[in-house]
Amino acid sequence: MGVRAFLFSGTALAGALVLAGCSGAIAPAQSAMVAEDTARAVQTAEAAPVRTVKITSVRTSDYTAGTLTVSGTLTPAPAAGSRVALQRWDAVKGWQEIGHATPSGANVTVSSNQPGSIRTYRLAIGPQAPYAAAASAPYGYSHYKWRGIFAKPLLASGGKGHPAFNVVAPAESPRRAEAELLADKGGVVWGDVNSAGCSWVKNWLGNITDGTVRVSLLNGAALIGSIEQTQETETWFNRQIPGVNRLRLQVTDLKSGYGPQVAVDSMLLCTN
Numbered sequence: 199m200g201v202r203a204f205l206f207s208g209t210a211l212a213g214a215l216v217l218a219g220c221s222g223a224i225a226p227a228q229s230a231m232v233a234e235d236t237a238r239a240v241q242t243a244e245a246a247p248v249r250t251v252k253i254t255s256v257r258t259s260d261y262t263a264g265t266l267t268v269s270g271t272l273t274p275a276p277a278a279g280s281r282v283a284l285q286r287w288d289a290v291k292g293w294q295e296i297g298h299a300t301p302s303g304a305n306v307t308v309s310s311n312q313p314g315s316i317r318t319y320r321l322a323i324g325p326q327a328p329y330a331a332a333a334s335a336p337y338g339y340s341h342y343k344w345r346g347i348f349a350k351p352l353l354a355s356g357g358k359g360h361p362a363f364n365v366v367a368p369a370e371s372p373r374r375a376e377a378e379l380l381a382d383k384g385g386v387v388w389g390d391v392n393s394a395g396c397s398w399v400k401n402w403l404g405n406i407t408d409g410t411v412r413v414s415l416l417n418g419a420a421l422i423g424s425i426e427q428t429q430e431t432e433t434w435f436n437r438q439i440p441g442v443n444r445l446r447l448q449v450t451d452l453k454s455g456y457g458p459q460v461a462v463d464s465m466l467l468c469t470n
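The sequence shown begins at 199 in this note's numbering and counts up one residue at a time.
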């Protein structure tokens with residue numbers, strides 16, 4: 199073999215070796231390096247400090263103001279003065295902060311006034327070296343708040359003897375809780391309200407007619423309860439109403455000179 203042939207043969211062999219190295223096969227030395235790098239990454243991840251956040255209780259602490267109170271723990275405890283957020287899930291905007299507080303050691307309690315709702319909440323804290331940001335598991339809760347019974351419009355009203363179910367205008371009754379019920383002598387007046395999502399109703403009643411009336415609460419045709427009220431008296435008429443979606447408030451004249459006339463101030467305990 200001549201010198202030219204030998205050089206050509208050596209060049210071809212080197213090229214073949216280079217091509218082999220560019221293929222998908224990993225040389226043993228390279229494989230060992232990859233394994234070592236992977237192991238190092240796992241060890242680093244395992245060694246990184248982790249903070250856990252846990253909700254320990256969710257409750258409605260004030261049903262009139264609608265105060266939602268959420269308590270939780272953070273382990274390990276964050277630095278003094280840290281900000282812990284109470285967040286609520288929104289299907290469009292994602293997690294939205296509705297309140298925040300500073301923890302005492304590992305414990306934190308956050309309160310926020312909110313409308314009645316059935317929503318999902320969590321506690322969250324931002325990054326704080328050497329810990330990354332952390333959040334609790336989502337916590338679903340039914341939050342009840344008292345609202346005016348007429349916050350949603352009357353579904354229907356009626357009766358006999360020129361019935362009038364007069365809801366006080368929003369400008370005069372921003373709580374949407376007040377109305378006056380009237381009818382002729384011997385008459386009946388009623389109004390249906392949307393009570394879906396509500397568990398209680400409380401009614402203050404003022405009988406300003408000259409006789410005795412019967413005030414009733416009904417679920418459709420089913421009687422929930424009733425009371426008799428003599429002339430020029432005030433009283434409370436409260437009932438639990440789970441599963442009642444259409445609540446009827448009704449006044450019936452039992453004995454009067456000119457017909458029933460009753461003022462009401464009514465509230466519903468609802469999640470809406």
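Backbone N, C-alpha and C fix where the C-beta goes; we use that ideal spot for every residue, glycine too.
Worksheet item: So who's on the other strand from Ala263, going by DSSP bridges?
Response: DSSP lists no partner for Ala263.
Worksheet item: How would you call Asp451, buried or exposed, if buried means at least 16 neighbouring beta carbons within 10 angstroms?
Response: buried
Discussion item. Helix, strand or coil, according to DSSP, for Phe363 in the structure here?
Written reply: strand
Worksheet entry | 6 angstroms Cβ shell around Arg471 - same chain, five flanking residues per side excluded | Missing from the structure shown is residue 471; the chain here goes from 199 to 470 and no further.
Fill in: Leu353 (DSSP reduced to helix, strand or coil)
coil
Discussion item. Let me make sure I understand the geometry here. Which of Gly279, Ser310, Ser302 and Asn305 has the alpha-carbon closest to that of Tyr261?
Written reply: Ser310
Worksheet item: What separation, rounded to the nearest whole angstrom, lies between the Cα atoms of Asp414 and Asn443?
Response: In the sequence on display, residue 414 carries Ser and not Asp. Straight-line Cα distance between these residues: approximately 16 angstroms.
Fill in: Distance, Gly423 Cα to Asp408 Cα
23 angstroms
Worksheet item: By Cβ distance below 8 angstroms, which residues in the same chain neighbour Arg317 in space, the five residues on each side in sequence not counted?
Response: Arg286, Trp287, Gly338, Tyr339 and His341
Worksheet item: Helix, strand or coil: how does DSSP classify Ile253 here?
Response: strand
Discussion item. In whole angstroms, give me the CA-to-CA distance for Arg446 and Gly303.
Written reply: 51 angstroms
Practice prompt. Assign Tyr319 to buried or exposed, taking buried as 16 or more other Cβ atoms, counted over all protein chains shown, within 10 Å of its Cβ.
Written response: buried
Worksheet item: Looking at Pro325 and Ala333, is the spacing between their C-beta atoms short of 7 angstroms?
Response: no
Worksheet item: From Arg281 to Val308, what distance separates their C-alpha atoms?
Response: 11 angstroms
Worksheet item: When we look at the beta-carbon of Ala420 and count the other beta-carbons within 10 Å, is it buried (16 or more) or exposed?
Response: exposed
Worksheet entry | Expected contact under 8 angstroms - CB spacing of Val411 and Ser464 to nearest Å | Their Cβ separation, rounded to whole angstroms, is 16 angstroms, which puts Val411 and Ser464 out of contact at 8 angstroms.
Fill in: Inter-stretch contact at 8 angstroms, needing at least 3 Cβ pairs: the stretch 381-390 / the stretch 428-439
no
Item to complete: Would you list, in sequence order, the uninterrupted alpha helix (DSSP H) runs of no fewer than 4 residues that lie entirely inside the stretch 301-341?
Response: none
Discussion item. Could you give the first and the last residue of the continuous beta strand (DSSP E) run that contains Ser397?
Written reply: Cys396 to Asn405
Practice prompt. Could you spell out the range, first to last residue, of the beta strand (DSSP E) harbouring Glu430?
Written response: Here Glu430 belongs to no beta strand (DSSP E), and DSSP marks it neither H nor E.
Discussion item. Since Ser371 and Ile439 should fall inside the 8 angstroms C-beta cutoff, what is the C-beta to C-beta distance between them, to a whole number of angstroms?
Written reply: Contact doesn't hold; Cβ gap of about 22 angstroms is too wide.
Fill in: Cβ shell of Val366 (< 7 angstroms), same chain only, five flanking positions each side left out
Glu376 and Ala377
Practice prompt. Could you please give the first and the last residue of the uninterrupted beta strand (DSSP E) stretch that includes Ser464?
Written response: Gln459 to Cys468
Worksheet item: Apart from the five residues just before and just after Val232, which ones in its own chain have a Cβ nearer than 6 angstroms to its Cβ?
Response: Residue placement at Val232 is poorly supported in this model, since its pLDDT is 48, which falls under 50; the coordinates are not used for a value here.
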